[in-house]
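K.L.:
In the working numbering, the protein residues as written are 115 to 253.
Cβ atoms here follow ideal geometry from the backbone N, Cα and C, with glycine treated the same way.
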Ligand code: HEM
């Protein structure tokens, strides 16, 4: 069955999502550490899944893939649906329960909110909620 995803809705907040990514890059640079701090604070049991990732390359690749999916989803949206669905099922094999898979995008959004502090706007809150709901619906 085709995933039910409302791409037109996702693009409405697209400019806001892109502005968030730019502001985070400008204020903070690489957000990788901030994202995993949020993830492991919310779900400490997930940290042990990365015990083989000594150089952090898997963690960095996940952030990279997530940001590519976000940019795609607010753009033409052709690749994100397939990539997210594939990653969700592949991660089952890594020991990530499907309901925990969404925790990564939540941690990413929460890290961005924390980094931007007073610069985080209501429009950002709305656009990110919508985007995360769209990703969570991709199965
Ligand atoms: C809480 C959610 C998640 C957890 C706990 C998690 C955990 C992991 C783990 C443990 C691996 C390494 C698997 C191995 O090599 O044995 C991995 C790899 C990977 N994950 Fe995640 N993941 C999560 C969410 C995501 C999301 C949302 C994406 C993409 C949008 C993603 C993209 C990737 C990619 C691309 C790799 C392969 C990295 C590489 O080997 O170069 N992950 N993930």
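Taking the straight line between their C-alpha atoms, what separation do you get for residue 196 and residue 134?
P.N.:
The count along the chain shown starts at 1 and reaches residue 196 at position 82. The count along the chain shown starts at 1 and reaches residue 134 at position 20. Distance between the alpha carbons of residue 196 and residue 134 is about 24 Å.
K.L.:
Would you grab the beta carbon distance between residue 153 and residue 250 for me? Rounded to a whole angstrom, and I think it's under 8 Å.
P.N.:
Walking along the chain shown from the start, residue 153 turns up at place 39. Walking along the chain shown from the start, residue 250 turns up at place 136. Contact doesn't hold; Cβ gap of about 16 Å is too wide.
K.L.:
Could you name each continuous alpha helix (DSSP H) segment of 4 residues or more that falls completely within the region 172 to 207, going from the start of the chain to the end?
P.N.:
194 to 206
K.L.:
Taking 7 Å as the limit between beta carbons, can you name the residues of its chain near residue 207, skipping five residues before and five after?
P.N.:
As a first step, residue 207 is located in the chain shown; it is residue number 93 there, counting from the start. Once the five neighbours on either side are set aside, residue 207 has no close Cβ partner at all.
K.L.:
Beta-carbon separation of residue 145 and residue 237 under 9 Å?
P.N.:
Indexing the chain shown from 1 puts residue 145 at position 31. Indexing the chain shown from 1 puts residue 237 at position 123. Not in contact: residue 145 and residue 237 (Cβ atoms no closer than 9 Å).
K.L.:
Using a Cβ-Cβ cut-off of 8 Å (strictly less than) and excluding sequence neighbours within five positions of residue 202, which residues of its own chain qualify?
P.N.:
By one-based count along the chain shown, residue 202 stands at place 88. Here the set comprises 212, 215, 252 and 253.
K.L.:
Is residue 185 a contact residue of the ligand HEM, with contact defined as CB to any heavy atom under 8 Å?
P.N.:
Within the chain shown, numbered from 1, the residue matching residue 185 stands at position 71. No, the Cβ of residue 185 stays beyond 8 Å of every heavy atom of the ligand HEM.
K.L.:
Pick out whichever of 155, 159, 147 and 156 has its Cα sitting closest to the Cα of residue 169.
P.N.:
Within the chain shown, the letter at position 55 stands for residue 169. Out of 155, 159, 147 and 156, 147 has the C-alpha closest to the C-alpha of residue 169.
K.L.:
Report back the beta-carbon spacing between residue 229 and residue 173 to the nearest angstrom; my notes put them in contact at under 8 Å.
P.N.:
Translated into the one-based positions of the chain shown, residue 229 becomes position 115. Translated into the one-based positions of the chain shown, residue 173 becomes position 59. Their Cβ separation, rounded to whole angstroms, is 17 Å, which puts residue 229 and residue 173 out of contact at 8 Å.
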